[in-house]
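Heads up: the sequence shown at position 100 corresponds to 170 in the numbering used here, and the numbers run straight through without jumps.
For each residue, glycine too, the CB sits at the ideal point set by N, CA and C.
Model, not experiment: these values are computed from the prediction.
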Amino acid sequence: MSLIVETYITTKDVSLDEIVGELKNKTSKFGGGAIVCFIGYVKEFVDGREVYELEYSAYEPYATHKLEEIAREEGAKNNVLAVKIIHRVGRLKPGESTIYIIVASRSRREAFETASRILERVKHEVPIFKLEKRSDGEYWVIGDKRRVKRIRG
């Protein structure tokens, strides 16, 4: 079986139940035994400050290409059977889901390790931009931790 890869960017939330069910059906006959799901969501507080909203934007043609490249490269490193990466864009409130990384493999260790590597690469390599709107101003978030105050001119 060749690696199943699906990546896309959307403004809508997704049904994790449907995705997991689909991957179970597609991978179980090929030795699938584990599915790991990572769901990132908007935090309510960052650095002790209330977050009102995250606004995600992307250069979608290249961002989609990079998501697929990462999924294929990381999926090929282990006995991974399938990788799905779904990233949302638009204005999202605290508690709303922002990214889904779903990995199906023959073992849990491979699935967890692959999902973790994918997440780190997505945060640092994919041109998806995050503007954090919070009680003390607006900040561009770079990678996972660095914040640069938005200056309006």
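Exercise. To which residues does DSSP link Y78 through a beta bridge?
Worked result: Beta-bridge pairing links Y78 to I156.
Exercise. Is the segment 74-93 touching the segment 153-167 in the sense that three or more CB pairs, one from each, lie closer than 8 Å?
Worked result: The segment 153-167 makes contact with the segment 74-93, as at least three CB pairs between them are under 8 Å.
Exercise. Beta strand (DSSP E) containing I105: first to last residue?
Worked result: Its beta strand (DSSP E) spans residues A104 to Y111.
Exercise. Which partner residues of V173 appear in the DSSP bridge assignment?
Worked result: Per DSSP, V106 and V153.
Problem set entry | Pick from R220, E139 and A181 that is closest to E76, judged by C-alpha positions | For E76, the nearest C-alpha among the options comes from E139.
Exercise. Just how far apart, CA to CA, sit S225 and V112?
Worked result: Nothing can be reported for residue 225, as the shown portion of the chain is limited to 71 through 223.
Problem set entry | Own chain partners of L137 with C-beta closer than 8 Å, once the 5 adjacent residues on each side are dropped | Result list for L137: T77, Y78, I79, I155, H157, V192 and V196, in chain order.
Exercise. How about the segment 175-192 and the segment 104-111: do they share at least three Cβ pairs that are nearer than 8 Å?
Worked result: Three or more pairs of CB atoms, one per stretch, sit closer than 8 Å, so the segment 175-192 contacts the segment 104-111.
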